[in-house]
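One structure below.
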Amino acid sequence: MTPRLTPLSSYRIAVVVFFSLSFQLLGSLALCHAEDEENSVSEVGLDFFEKKIRPVLVEHCYECHSADSKIVRGGLLVDSAEAFRKGGDSGESVVPGKPGEGTLLDALKHETFEMPPKQKLPEQVISDFEAWIAMGAPDPREATSKAAAKKMGMDLETGRQFWSFKPLRKVTLPKVQLTDWPQSKIDQFILAKQEEHGLRPGADAGDLTLLRRLYFDLTGLPPSAEQVLAFQSNQSDARWTEVIDELFASKNFGEHWGRYWLDLARYSESTGGGRSLLYGESWRYRNYVIDSFNADKPYDTFILEQLAGDLLEAENYEQRQQQIIATAFLALGPHNYENQDKEQLRMDIVDEQIDTTGRVFLGMTIGCARCHDHKFDPIPTSDYYALAGIFRSTNSLVDGNVSRWVSTPLPQSQQQTDLIRKHESNLAETNEALRKLQARMTQLKVGLPAILVDTDQATLVGDWTESQSVKGYIGENYRHSSDLTSSATYEIPLQPGLYEVQISYTPSSNRTRKAKVTVQHSEGEKEFLINQQLAPNEDGTFHSLGEFEVGELLTVQIRPTEMSPTIIDAVRLISKSEVNGELADKLQKELAEANVELTALQAKLKKLEANAPEKPPLAVSVEEMEQAEDYFVCIRGNVHNLGEPVKRGFLSVIQSSEPVSLPDDTSGRLEFANWIASPENPLTARVFVNRVWHSLFGVGLVRTVDNFGVPGETPSHPELLDFLASEFVENGWSMKKLIRQIVLTRTYQLDSSLSAVSAKDPENRYLTHQNRKRLRAESIHDALLSMSGELDPTPAGNSMRPGTRSEYGYKFDFGKRAVYLPVFRNRLPDLFTVFDFPDPNLSQGRRTSSTVSPQSLFLMNSEFVHMRSEETAKRVLAIEGDTPQRLEWLILTTLNRYPTSDEQRLFGDFLEDDPESLEAWSQVCQALFGSLDFRFVE
1454 MTPRLTPLSS
1464 YRIAVVVFFS
1474 LSFQLLGSLA
1484 LCHAEDEENS
1494 VSEVGLDFFE
1504 KKIRPVLVEH
1514 CYECHSADSK
1524 IVRGGLLVDS
1534 AEAFRKGGDS
1544 GESVVPGKPG
1554 EGTLLDALKH
1564 ETFEMPPKQK
1574 LPEQVISDFE
1584 AWIAMGAPDP
1594 REATSKAAAK
1604 KMGMDLETGR
1614 QFWSFKPLRK
1624 VTLPKVQLTD
1634 WPQSKIDQFI
1644 LAKQEEHGLR
1654 PGADAGDLTL
1664 LRRLYFDLTG
1674 LPPSAEQVLA
1684 FQSNQSDARW
1694 TEVIDELFAS
1704 KNFGEHWGRY
1714 WLDLARYSES
1724 TGGGRSLLYG
1734 ESWRYRNYVI
1744 DSFNADKPYD
1754 TFILEQLAGD
1764 LLEAENYEQR
1774 QQQIIATAFL
1784 ALGPHNYENQ
1794 DKEQLRMDIV
1804 DEQIDTTGRV
1814 FLGMTIGCAR
1824 CHDHKFDPIP
1834 TSDYYALAGI
1844 FRSTNSLVDG
1854 NVSRWVSTPL
1864 PQSQQQTDLI
1874 RKHESNLAET
1884 NEALRKLQAR
1894 MTQLKVGLPA
1904 ILVDTDQATL
1914 VGDWTESQSV
1924 KGYIGENYRH
1934 SSDLTSSATY
1944 EIPLQPGLYE
1954 VQISYTPSSN
1964 RTRKAKVTVQ
1974 HSEGEKEFLI
1984 NQQLAPNEDG
1994 TFHSLGEFEV
2004 GELLTVQIRP
2014 TEMSPTIIDA
2024 VRLISKSEVN
2034 GELADKLQKE
2044 LAEANVELTA
2054 LQAKLKKLEA
2064 NAPEKPPLAV
2074 SVEEMEQAED
2084 YFVCIRGNVH
2094 NLGEPVKRGF
2104 LSVIQSSEPV
2114 SLPDDTSGRL
2124 EFANWIASPE
2134 NPLTARVFVN
2144 RVWHSLFGVG
2154 LVRTVDNFGV
2164 PGETPSHPEL
2174 LDFLASEFVE
2184 NGWSMKKLIR
2194 QIVLTRTYQL
2204 DSSLSAVSAK
2214 DPENRYLTHQ
2224 NRKRLRAESI
2234 HDALLSMSGE
2244 LDPTPAGNSM
2254 RPGTRSEYGY
2264 KFDFGKRAVY
2274 LPVFRNRLPD
2284 LFTVFDFPDP
2294 NLSQGRRTSS
2304 TVSPQSLFLM
2314 NSEFVHMRSE
2324 ETAKRVLAIE
2334 GDTPQRLEWL
2344 ILTTLNRYPT
2354 SDEQRLFGDF
2364 LEDDPESLEA
2374 WSQVCQALFG
2384 SLDFRFVE
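No gaps in the numbering here: position 59 of the sequence shown is 1512 in this note's numbering, and each next residue is one more.
Right under this line is the structure:
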């Protein structure tokens, strides 16, 4: 067995490489990341408060513990952050970061005080409070006067003058002094702002630095040593555009950029909440997103498909499939489908859809207006419930004890559709032939002493439920009903004669005592009331109703007369007439022939079922409700306390050139999607181009990428933001053209080193240099597999292990790109957790990018990293060459640059004793993987 790295040896080589490769990063890591991490954590925490905590406080606590309460009980106020933390007569209620301290959690658990006193909150809600306190109890609320509390943060007219709600402007290029520096219009905007603040751009990045940056930014993967060498051999003036074109054409582009979108779409393969069910088919949405980025689907179309794909016209079945799959955007939120308050569950789903849609496409926290007018933005509660009417007119939920999401069969090709129809036709014909044969066999049995007719030959009206609970029934099951409008009618053709009529049922103490049985015979009609709690009077299985003269037809009907279950099973007729022996022989012969035919038909049916064409696959989706309707304001967000009705509509602060009018017979979801995707909407294009800028620079022009409202930041370059947004729309909403436009700028291609003027702009808001960016968790995962030669480049479909029924204890398979690993709401790969993979319960446009010791410890001790190090070392040893040549290939592969003379000397000394040692080379590989140069893109 190949020896593994020992902690001591791994530590020794890691220390050497740490100083040799990464010393230049240490002085600026805190500057680059501390504030970004703090801001990102703050945003996530406030989102959590607004979605999970504030609504509970408003509904359950404000009545007794707010400034508006007639009597403040226990001296405790919970309607502002300061008062909530301070607590009441019993001491501090909340101690940020310490769930075990403070009085709140014990009171919610009813272990000390009982809050709320009428009924303990659900366990999931209490867990949410515990998680909120653990994250530092973020809370934006300030104590306000009663008069101020009744007003929203900004009225509509004032709001329309706020920068993000104004229409896009046509901006003119600014003049600059350093006229020979810009190589694009974007550069001109950047340089003008620098000159305005007495700044100058820094140096351009070196070729290999920029090559590594482009590969990771466009595909999430590093260039191979061979790709680095091929680039260096290309001295064409167009070599950069050739590299960019190659990366855009790679399927890796969509896999990388699609993952950015999946962060926003809070993509997961489990529902979260309760027992956390598995969606099973959510991977189709993941692949839809990847394919959309690779195909450069226009962003406005991308919006329409996700919000209203089921309502769009399609040119063919493939497009229709994609449109249906896209609507999973609305369905994949974290929901507790076990919630027995179905109206609350429905409204919680609607709330999550509104909040996610507003945040993703508009950069607005619309969900904050569920309980009250928005505290900061010009969004009245009526606007929230105008949108709620649209989403409540959209079916996202299949009710049940444990409810489910909507699953839609996907359209198929005409050939497949014809095959399915042909099979269904053959199936129907065979079943009809079986039915007729069984009817003929019943006719043949007419001449025999006993005839048995089961429930499958009865005509059923109303709700009859199949059951096998009480044994002793005839055939495969019996049926029961408590519906007083139900009936079961047995029409039995017979040879004229005298017959005893018997019915079977399984007795039990919960049965009806008055099952109404009516027998229609040749001499009239007779009714019986049967007590089905008592055992039948013939051998405990059949109950005799007596003897009746019958012509050619006997009818037996059974009906419930009370709410206790009425049972139906078989009806048996016993002939009391003498049957001619010759006739009996003839009938028996015909029955034997019919049995042969029956066997053949049953075999044919079984073969048809075995060779059935594959059923259309299902997709997580939404659909229109049968009836669209407006909704009401929910007082304090309480779905059981309805206020004034509200017409369906959009955000009032954003005005359109044409008045909004929603149809009465549809939800208005398509109109809403068109309103968002309209070039007139001032938010949509701005928000998206800012997200792209953030992805390429590590910081957006608006740093609060998910919040373009009043609590968010204003843009550092407002004219540039409007220029990019306008160009984006004019270029057909092309995502690739937008990205190309940015990466070809000189600004993007700057070096990340601090310059002499950096002290004047310590946050680099004016981009005198490029920002260093730590690799995302997925890029670290994929780079390790790529360097070890183990990365399987083929796309994946359903990547969950077959037979998986729960996310808990799931063991992840490795080999595919990280975007194809299952994402569960309660279970993530260790690497994802350590390197700040976003919480899939929340929509997040900006990830935390931390630099903490557990990351280094993971890279030093992880079995996953050990294995990749060893496999990479095997590739190194397969190279024919000496140690310096092998080191050159290895560092070109891992760090995408050539080794320095110091690195050659240090590694050479380490490998000198045994240059063919797999263990030694594995340690070198692991040390490189643990270095900051590996984890960061300059």
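From the three backbone atoms N, C-alpha and C, an ideal C-beta is built for every residue, glycine too.
Endpoints, the alpha helix (DSSP H) within which residue i is located
| i | result |
| --- | --- |
| V2287 | 2283-2287 |
| C2378 | 2371-2382 |
| V1511 | 1507-1513 |
| A2230 | 2230-2240 |
| P1620 | Segment: none, P1620 is in no alpha helix (DSSP H) and carries neither H nor E. |
| L1664 | 1660-1672 |
| G1707 | 1704-1717 |
| E1796 | 1795-1810 |
| Y1770 | 1770-1779 |
| A1560 | 1557-1561 |
| G2361 | 2354-2364 |
Element boundaries [beta strand (DSSP E), containing residue i]
| i | result |
| --- | --- |
| L1982 | 1977-1983 |
| R2025 | 2024-2028 |
| K1969 | 1968-1974 |
| Y1952 | 1950-1957 |
| Y1741 | Element bounds for Y1741: not the beta strand (DSSP E) but the alpha helix (DSSP H), 1736-1747. |
| H1650 | Premise fails: H1650 is in no beta strand (DSSP E) and is neither H nor E. |
Close Cβ partners of residue i (< 6 Å) along its chain, the five nearest in sequence each way excluded
| i | result |
| --- | --- |
| E1980 | T1971 |
| I1705 | Note that residue 1705 is Asn in the sequence shown here, rather than Ile. Excluding sequence neighbours, N1705 sits near T1672, L1674. |
| P1549 | G1589, A1590 |
| T1908 | R1932, I2021 |
| R1594 | S1533, A1534 |
| G1527 | G1541, D1542 |
| D2118 | none |
| A1560 | F1566, M1568 |
| G1519 | In the sequence as presented, Gly is not what sits at residue 1519; that position holds Ser. Excluding positions up to five away in sequence, the list reads D1532. |
Inter-residue spacing [alpha-carbon to alpha-carbon] between residue i and residue j
| i | j | result |
| --- | --- | --- |
| V2318 | L2284 | 10 Å |
| L1872 | E1885 | 20 Å |
| G2334 | E2369 | 11 Å |
| T1529 | L1557 | Before going on, a small fix: residue 1529 reads as Leu here, not Thr. Roughly 11 Å separates the two Cα atoms. |
| E2316 | R2358 | 29 Å |
| S1957 | L2071 | 42 Å |
| S2254 | S1745 | Per the sequence presented here, residue 2254 reads as Arg, with Ser not at that position. If you take the alpha carbons of R2254 and S1745, they lie about 26 Å apart. |
| Q1910 | I1945 | 9 Å |
| L1631 | L2191 | 25 Å |
| S1689 | G1811 | 46 Å |
| L2274 | S2252 | 6 Å |
| P1456 | S1686 | Its pLDDT being 40, under 50, P1456 is placed unreliably by the model, and the measurement read from it follows with that caveat. Their Cα atoms are separated by approximately 39 Å. |
| A2373 | G2361 | 11 Å |
Contact set for residue i: own chain, Cβ-Cβ below 7 Å, skip 5 residues either direction
| i | result |
| --- | --- |
| Y1770 | P1864, Q1865, S1866 |
| L1661 | V1681, N2349, R2350 |
| P1862 | P2069, L2071 |
| E1583 | P1552, L1558 |
Per DSSP, the bridge partner or partners of residue i
| i | result |
| --- | --- |
| P2098 | F2085 |
| E2077 | T1847 |
| T1918 | H1933 |
| S1519 | According to DSSP, which records beta bridges pairwise, S1519 is partnered with nothing at all. |
| I2021 | R1932 |
| K2226 | V2390 |
beta-carbon residue i near the ligand NAD non-hydrogen atom, thresh 8 Å
| i | result |
| --- | --- |
| T2008 | The model on display carries no ligand, and the ligand NAD is accordingly not part of it. |
Same chain, Cβ closer than 8 Å to residue i, five either side skipped, listed in chain order
| i | result |
| --- | --- |
| D2214 | H1650, L1652, T2221 |
| L1798 | H1788, N1789, Y1790, N1792, L1850, S1856 |
| V2163 | G1606, M1607, F1615, F1829, D1830 |
Chain B contact for residue i (CB, 9 Å cutoff)
| i | result |
| --- | --- |
| S2309 | Within the model displayed, chain B is absent; a lone protein chain is all it includes. |
**Request:** Determine, using beta-carbon pairs with one atom in the stretch 2198-2209 and one in the stretch 1696-1709, whether at least three such pairs fall under 8 Å.
**Result:** No, they do not touch.
**Item:** Three-pair Cβ contact test at 8 Å for the stretch 1733-1747 versus the stretch 2105-2121
**Value:** no
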